[in-house]
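S.K.: Just so you know, we're using our numbering here: the sequence shown kicks off at 6 and counts up by one.
Beta carbons: idealized from backbone N, C-alpha and C, even for Gly.
Predicted model, so just to flag it, every value in this text is computed and none were measured.
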Amino acid sequence: MYDTETSERLARGDHGDDRSDASWTLYRTPSGVFFELLAGHDGVLEGFFPLTDLEARKFLERHANDRVEQYFGPAREATRSLFSRRTIIAAADVLENLTQAEISALLTDFGPSVYENIGGGSAKARMVELKQFIDRNPRHPVDDGLLENALVERAAARLPAVKPVYEWSKPTVEKPEFQRLRYGLEQDGFTVSDGILRRSLPTDIGLPQTDSELLLLLKQHRFEVSRGHLVQARDAHARGNWASANAAVELCKFVCAWGPNGKRCIPKLKQPLSCAGFAYGVRHSRPNEVRLGRRKGADGNDVVKRMHAATATTLL
Numbered sequence: 006m007y008d009t010e011t012s013e014r015l016a017r018g019d020h021g022d023d024r025s026d027a028s029w030t031l032y033r034t035p036s037g038v039f040f041e042l043l044a045g046h047d048g049v050l051e052g053f054f055p056l057t058d059l060e061a062r063k064f065l066e067r068h069a070n071d072r073v074e075q076y077f078g079p080a081r082e083a084t085r086s087l088f089s090r091r092t093i094i095a096a097a098d099v100l101e102n103l104t105q106a107e108i109s110a111l112l113t114d115f116g117p118s119v120y121e122n123i124g125g126g127s128a129k130a131r132m133v134e135l136k137q138f139i140d141r142n143p144r145h146p147v148d149d150g151l152l153e154n155a156l157v158e159r160a161a162a163r164l165p166a167v168k169p170v171y172e173w174s175k176p177t178v179e180k181p182e183f184q185r186l187r188y189g190l191e192q193d194g195f196t197v198s199d200g201i202l203r204r205s206l207p208t209d210i211g212l213p214q215t216d217s218e219l220l221l222l223l224k225q226h227r228f229e230v231s232r233g234h235l236v237q238a239r240d241a242h243a244r245g246n247w248a249s250a251n252a253a254v255e256l257c258k259f260v261c262a263w264g265p266n267g268k269r270c271i272p273k274l275k276q277p278l279s280c281a282g283f284a285y286g287v288r289h290s291r292p293n294e295v296r297l298g299r300r301k302g303a304d305g306n307d308v309v310k311r312m313h314a315a316t317a318t319t320l321l
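1. How about Leu164 and Val197: do their beta carbons lie closer than 7 Å?
2. Please state the DSSP three-state secondary structure of Ile93.
3. Helix, strand or coil: which one does DSSP assign to Pro181?
4. Using the Cβ count rule (16 or more neighbours within 10 Å means buried), how would you classify Ser12?
5. Could you tell me whether the Cβ atoms of Phe88 and Asp199 are closer together than 7 Å?
6. In chain order, what residues of the same chain have a beta carbon less than 6 Å from the beta carbon of Thr30, not counting five sequence neighbours either side?
7. So, helix, strand or coil for Asp19, using DSSP?
8. Rounded to a whole number of angstroms, what is the C-alpha to C-alpha distance between Thr177 and Arg187?
9. Give the secondary structure of Ala284 by DSSP, where H, G and I count as helix, E and B as strand, and everything else as coil.
10. Helix, strand or coil for Thr104 per DSSP?
11. Given this structure, state the Cα-to-Cα distance separating Ala314 from Gly233, to the nearest angstrom.
12. By the three-class DSSP mapping on this structure, what secondary structure does Tyr7 have?
13. Please report the straight-line C-alpha distance between Gly78 and Gly37, rounded to a whole angstrom.
14. Among Leu220, Pro181, Arg203, which has the Cα closest to the Cα of Asn102?
15. Using only CA atoms, which one of His145, Gly116, Ile108 lies nearest to Val133?
16. In its own chain, which residues sit with a C-beta less than 7 Å from the C-beta of Ala61, not counting the 5 before and 5 after it?
17. Assign Gly189 to buried or exposed, taking buried as 16 or more other Cβ atoms, counted over all protein chains shown, within 10 Å of its Cβ.
18. Could you check the C-alpha separation between His20 and Ala162 for me, to the nearest Å?
19. Does DSSP put Gly189 in a helix, a strand or coil?
20. Please go through the same chain and pick out, in chain order, the residues whose beta-carbon is closer than 8 Å to the beta-carbon of Val119, but skip the five residues on each side of it.
21. Report the rounded CA-to-CA distance for Ala106 versus Phe183, giving the unit in angstroms.
22. Considering only their Cβ atoms, is the gap separating Ala27 from Gly45 smaller than 7 Å?
23. Taking the alpha carbon of Leu65 as the point to measure from, which residue in Gly52, Arg14, Ala160 has its own alpha carbon closest?
24. Thr92: which of Arg185, Pro35, Gly52, Asp47 sits nearest, CA to CA?
25. Looking at the unbroken beta strand (DSSP E) that takes in Ala161, where does it start and where does it end?
26. Give the secondary structure of Phe39 by DSSP, where H, G and I count as helix, E and B as strand, and everything else as coil.
27. Return yes when the Cβ of Ala166 is within less than 7 Å of the Cβ of Val99, no when it is not.
28. In whole angstroms, give me the CA-to-CA distance for Val157 and Glu74.
29. Just mark Phe348 as buried or exposed, buried being the case when its beta carbon has 16 or more other beta carbons within 10 Å.
30. By DSSP, does Glu134 sit in helix, in strand, or in coil?
31. DSSP on Leu56, reduced to helix/strand/coil?
32. So the candidates are Phe195, Gly116, Ala130; which of them puts its Cα closest to the Cα of Gly150?
33. Locate the alpha helix (DSSP H) running through Val322, then write down its first and last residues.
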């Protein structure tokens with residue numbers, strides 16, 4: 006029940022002009038529902054409006070910013086859009102292939118501030134409305150961060166895996182919307198691996214091929230613990246968590262294990278993966294020993310910052 010007698014008055018705003026008695030006041034009911042009362046220039050009550058939590062928060066930010074955290078908790082950590090508008094549009098085009106039920110579930114995940122602004126109609130029409138909403142509300146916050154970032158992540162998860170291309174492979178043609186999204190992500194500095202977005206690295210080191218080769222060899226020869234450390238290091242590097250990447254590489258730096266029946270474990274890779282802090286590669290100091298080399302960066306720090314090509318001299 007909306008009752009000013011039992012509700013808490015949170016904030017009030019006006020024109021700041023003595024010639025007008027217009028005002029707008031925010032209340033909160035005992036059950037936690039917000040509503041606004043609007044008075045005209047003569048001071049007479051003219052309107053009553055229930056507000057969503059997001060609308061009430063914006064009201065407090067304008068008229069009583071010191072009380073925002075009291076009712077809505079700490080402010081969200083500042084973030085930024087990671088993708089260009091072209092990539093965001095391509096992501097929405099990919100999600101047009103969802104069923105109506107899946108689109109409804111997607112919008113519900115984004116919250117009432119989003120789904121209440123998207124009407125019915127065909128899947129294409131609803132995604133067009135979502136594109137327009139993002140254009141009107143850039144950097145709109147949702148539970149997963151910014152709306153545009155969350156949208157691209159959902160679309161990237163639906164991209165089919167890229168199969169290796171060999172001389173004997175049959176040519177495959179990907180859907181145009183998938184091609185546009187991949188291209189947009191590449192231009193923004195991202196790639197998709199196993200449905201997960203990762204920051205792409207310079208192409209001169211042949212990272213995808215060499216990375217896959219190393220992981221495959223570690224798995225083939227049952228270096229499961231070391232393989233897990235390497236995957237953790239790669240993921241941390243992709244997220245920009247340099248310290249975490251550095252720690253994971255330290256765990257994986259020396260891989261000393263005996264292969265089955267005393268056979269040689271891993272042949273030397275064609276090219277190591279190198280960082281400003283570490284060089285990923287293997288060599289045999291003994292027939293059954295494999296090592297991952299390291300070198301200090303030019304700045305004297307052993308922190309992974311940027312992948313680049315490496316020579317064999319960087320390996321221990």
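M.R.: The short version:
1. yes
2. helix
3. helix
4. buried
5. no
6. Arg17, Leu42
7. strand
8. 15 Å
9. With a pLDDT of only 38 at Ala284, under 50, the local geometry of the prediction cannot be trusted, and the value read off the model is given with reservation. Reduced to three states, the DSSP call for Ala284 is strand.
10. coil
11. Because Ala314 carries a pLDDT of 31, less than 50, the predicted location of this residue cannot be relied on, and no value is offered for it.
12. coil
13. 14 Å
14. Pro181
15. Ile108
16. Leu31, Phe39
17. buried
18. 49 Å
19. helix
20. Leu112, Leu135, Phe138, His145, Val147, Leu152
21. 21 Å
22. yes
23. Arg14
24. Arg185
25. First-last for Ala161: 152 to 161, but that is the alpha helix (DSSP H), not the beta strand (DSSP E).
26. strand
27. no
28. 30 Å
29. No answer is possible for residue 348: the residues shown for the chain start at 6 and end at 321.
30. helix
31. strand
32. Gly116
33. No answer is possible for residue 322: the residues shown for the chain start at 6 and end at 321.
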